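Using our numbering, the letters of the sequence shown map in sequence onto residues 161 to 428.
Only one structure is covered here, and it is reproduced in the block below.
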Amino acid sequence: MQKKRTIEKPTYMLESVDNALRLLQMLRDVGGLRLKDAAEELGIAPSTAHRLLAMLVYRGFAVQDEKRMYHPGSAMGAGPARRGWTREFTDLCRPHMEALAILCGETVNLVIRVGTQARFLSSAESTGMLRVGDRQGQVLDAELTAGGRILLAELPRETLEQLYLRPANLADDEREWGDRRLSPDDFERFRRELSAARAVGFAVNVQQTEEGVAAFGVAIRNRARTAVGALTVAVPITRFRQHSQGPLVSQIKNAIRELEVDIADLEP
161 MQKKRTIEKP
171 TYMLESVDNA
181 LRLLQMLRDV
191 GGLRLKDAAE
201 ELGIAPSTAH
211 RLLAMLVYRG
221 FAVQDEKRMY
231 HPGSAMGAGP
241 ARRGWTREFT
251 DLCRPHMEAL
261 AILCGETVNL
271 VIRVGTQARF
281 LSSAESTGML
291 RVGDRQGQVL
301 DAELTAGGRI
311 LLAELPRETL
321 EQLYLRPANL
331 ADDEREWGDR
341 RLSPDDFERF
351 RRELSAARAV
361 GFAVNVQQTE
371 EGVAAFGVAI
381 RNRARTAVGA
391 LTVAVPITRF
401 RQHSQGPLVS
411 QIKNAIRELE
421 VDIADLEP
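This is how it looks when you write it as structure tokens:
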């Protein structure tokens, strides 16, 4: 049997990186973490721990509840996507995203759905002073995002039930942190919202994932008319009404029609 090599401590430690990784380990192993406890465990100032945790929240590796306790975020349990396919998909979509960002003056994102997660593969940022920033690499709850919702709208009822319907014998106080499954009434309301989004061909997210930010999402289909991803346009909430009544959704759909020519033969 081959002997395993001892993992040695690097000669040049990047302390900030090490502290961030240790926070990830703590979230993974403990499940709930207070700022004070994180600072004490790492031997750093609470202000430093707060900045590190804020970055983990921003990148989806942590979330904060109403009691200001940190928990593992969606990105913590995200397995790898099928890299070869997503790389080709991103490369084909990128020129169309950049053109759309210039046309509409807002930030454009490329999103795929993996289970109940929406993964942001790429962003084309607007050059405007007031704009939504790059979201590349983020993993968010699909039902809260515009891209995730329009992709969920493609699923048959049976699949949606497996993903989101709470078992009848599971009481509220028995649910684990992060369990987003819905009661029967809430599930039916959610399903109707998805059906409406599919009927009009786009979904919206109004401050559900980030305060002050809204988004519009439209599905991307291959030659078989399978939805393989979505383009979303993220806008400051101050411009949401303007875009909802303007040409933005048509601009997204036009960009996707051109994009679909390039990805027609792509198979996830």
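Built from N, CA and C at the ideal position, the CB exists for glycine as well.
Please read all numbers here as calculations on a predicted model, not as lab measurements.
Under 7 angstroms between the Cβ atoms of G233 and R273?
The count along the sequence shown starts at 1 and reaches residue 233 at position 73. The count along the sequence shown starts at 1 and reaches residue 273 at position 113. Cβ distance not < 7 angstroms, so G233 and R273 don't count as in contact.
According to DSSP, which residues form a beta bridge with T267?
-> Counted from its first residue, the sequence shown places residue 267 at position 107. According to DSSP, T267 bridges with A394.
Touch test, the region 295–309 against the region 356–373, Cβ-Cβ under 8 angstroms, three pairs minimum: yes
(request) Please state if the CB of L300 and the CB of A278 are separated by a distance shorter than 7 angstroms. (result) Within the sequence shown, residue 278 is the residue found at index 118, counting from 1. Within the sequence shown, residue 300 is the residue found at index 140, counting from 1. Contact flag set, yes.
So, is R295 buried or exposed, given that buried needs 16 or more other C-beta atoms within 10 angstroms? Locating residue 295 in the sequence shown gives position 135, counting from the first residue. The residue in question, R295, is buried, as its Cβ has 16 or more Cβ neighbours within 10 Å.
Margin query: Just to confirm the assignment, what range does the beta strand (DSSP E) spanning P428 have?
Written below: The residue labelled residue 428 in the question sits at position 268 within the sequence shown. Premise fails: P428 is in no beta strand (DSSP E) and is neither H nor E.
*Opposing strand residues paired with V282 [DSSP bridges]*: Your numbering for residue 282 matches position 122 in the sequence shown. The sequence shown places Ser at residue 282, not Val. When DSSP reads this structure, S282 sits in a beta bridge with L270.
Considering only the beta carbon of each residue, do F400 and A374 sit closer than 7 angstroms? By one-based count along the sequence shown, residue 400 stands at place 240. By one-based count along the sequence shown, residue 374 stands at place 214. In this structure, A374 lies closer than 7 angstroms to F400 by Cβ.
>> Which of the three DSSP states is assigned to P232 in this structure?
In response: As a first step, residue 232 is located in the sequence shown; it is residue number 72 there, counting from the start. Reduced to three states, the DSSP call for P232 is strand.
(Q) Please state the DSSP three-state secondary structure of D301. (A) Looking up residue 301 in the sequence shown gives position 141. Reduced to three states, the DSSP call for D301 is strand.
- Query: For L213, does the three-state DSSP call read helix, strand or coil?
  - Reply: In the sequence shown, residue 213 corresponds to position 53, counting from 1. Helix.
Among R358, G372, A302, the one whose alpha carbon lies nearest that of R341:
Locating residue 341 in the sequence shown gives position 181, counting from the first residue. Measuring from the Cα of R341, the nearest candidate turns out to be A302.
Original post:
Is I380 helix, strand or coil by DSSP?
Top reply: The sequence position of residue 380 within the sequence shown is 220, counting from 1. Strand.
Given that a residue counts as buried once 16 or more other Cβ atoms are within 10 Å of its Cβ, and exposed if not, what is M289?
Numbered from 1 along the sequence shown, position 129 holds the residue referred to as residue 289. M289 should be labelled exposed.
Which class does V292 belong to by DSSP, given the choice of helix, strand or coil?
Numbered from 1 along the sequence shown, position 132 holds the residue referred to as residue 292. The DSSP-derived three-state label of V292 is coil.
Task: Residue range of the beta strand (DSSP E) that includes A363 - done: Walking along the sequence shown from the start, residue 363 turns up at place 203. Counting along the chain, the beta strand (DSSP E) containing A363 begins and ends at 363–366.
At which residues does the alpha helix (DSSP H) containing A356 begin and terminate?
As a position in the sequence shown, residue 356 is number 196, starting the count at 1. Looking at the DSSP string, the run of the alpha helix (DSSP H) that includes A356 is 344–360.
With distances taken Cα to Cα, identify the nearest neighbour of F376 among Q367, G297, D345, A384. Position 216 of the sequence shown holds residue 376. Of Q367, G297, D345, A384, the residue nearest in Cα terms is Q367.
Requested in this report: Could you tell me which of V393, L408, R317 sits nearest to R291, measuring between CA atoms?
Outcome: Along the sequence shown, read from residue 1 onward, the residue named residue 291 stands at position 131. Nearest option by C-alpha distance: V393.
>> Give me, in chain order, the residues of the same chain whose beta-carbon lies closer than 6 angstroms to that of R194; leave out the 5 immediate sequence neighbours on both sides.
In response: Taking the sequence shown and counting its residues from 1, the one referred to as residue 194 is at position 34. Only M229 meet the Cβ criterion.
* If you measure from the CB of E371, is any heavy atom of the ligand FAD nearer than 6 angstroms? -> For the ligand FAD, the structure offers nothing, since it holds no ligand at all.
message = Tell me the DSSP secondary structure of A198 in three-state form.
response = Here residue 198 is taken as the residue at index 38 of the sequence shown, counted from 1. Three-state result, A198: helix.
Minimum C-alpha distance to G265 - residue among I397, L252, S286, L187: Numbered from its first residue, the sequence shown carries residue 265 at position 105. The candidate whose alpha carbon is nearest that of G265 is S286.
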